[in-house]
Amino acid sequence: MLSPNTDFHVWKRLLRDAGVRDGRLHDARHTAATVLLILGVPDVVIDSIMGWEPGGAARMRARYMHVTGTVLRKVAHQVGDALWGDV
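Residues 1 to 87 in the UniProt record's numbering are what the sequence shown spells out, letter by letter.
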């Protein structure tokens, strides 16, 4: 397991080497969790990728995963297709 200090410095070096703007590692976790949600990845897989313990995973998903308009539209289309077929 990486220490928080090592994690921070490795993250900063990766950003610099990639030539992208500076950003917080914490924000990247939010982005990663939300992208996995948008892609429709099952919760149990997201929990594993993000390193969330089974007992606290629901709380962590609520904190890190942000339901976007894209997610809402995708679900609305899935519900519509299930009820009325592909319209």
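For every residue, glycine included, the Cβ atom is placed at its ideal position computed from N, Cα and C.
With distance defined between alpha-carbon atoms, name the residue in the options nearest to residue i.
| i | options | result |
| --- | --- | --- |
| Pro42 | Arg21, Ala57 and Ser3 | Ala57 |
| Ala62 | Arg24, Arg29, Gly19 and Phe8 | Arg29 |
| Tyr64 | Trp84, Ala32 and Val79 | Ala32 |
| Asn5 | Glu53, Leu83, Lys74 and Leu25 | Leu25 |
Residues in the same chain with beta-carbon distance under 8 Å from residue i, minus the five sequence neighbours each way, listed in chain order, please.
| i | result |
| --- | --- |
| Lys12 | Asp22 |
Apart from the five residues just before and just after residue i, which ones in its own chain have a Cβ nearer than 6 Å to its Cβ?
| i | result |
| --- | --- |
| Asp47 | Ala57 |
| His66 | Thr34 |
Apart from the five residues on each side of it in sequence, which residues of its chain come closer than 7 Å, Cβ to Cβ, to residue i?
| i | result |
| --- | --- |
| Leu14 | none |
Whole runs of the alpha helix (DSSP H) within the UniProt domain "Tyr recombinase" (1 to 77), excluding any shorter than 4 residues | 4 to 18, 25 to 38, 43 to 50 and 57 to 64
Would you check if the stretch 60 to 76 and the stretch 19 to 39 touch, i.e. whether three or more CB-CB distances between them fall below 8 Å?
-> yes
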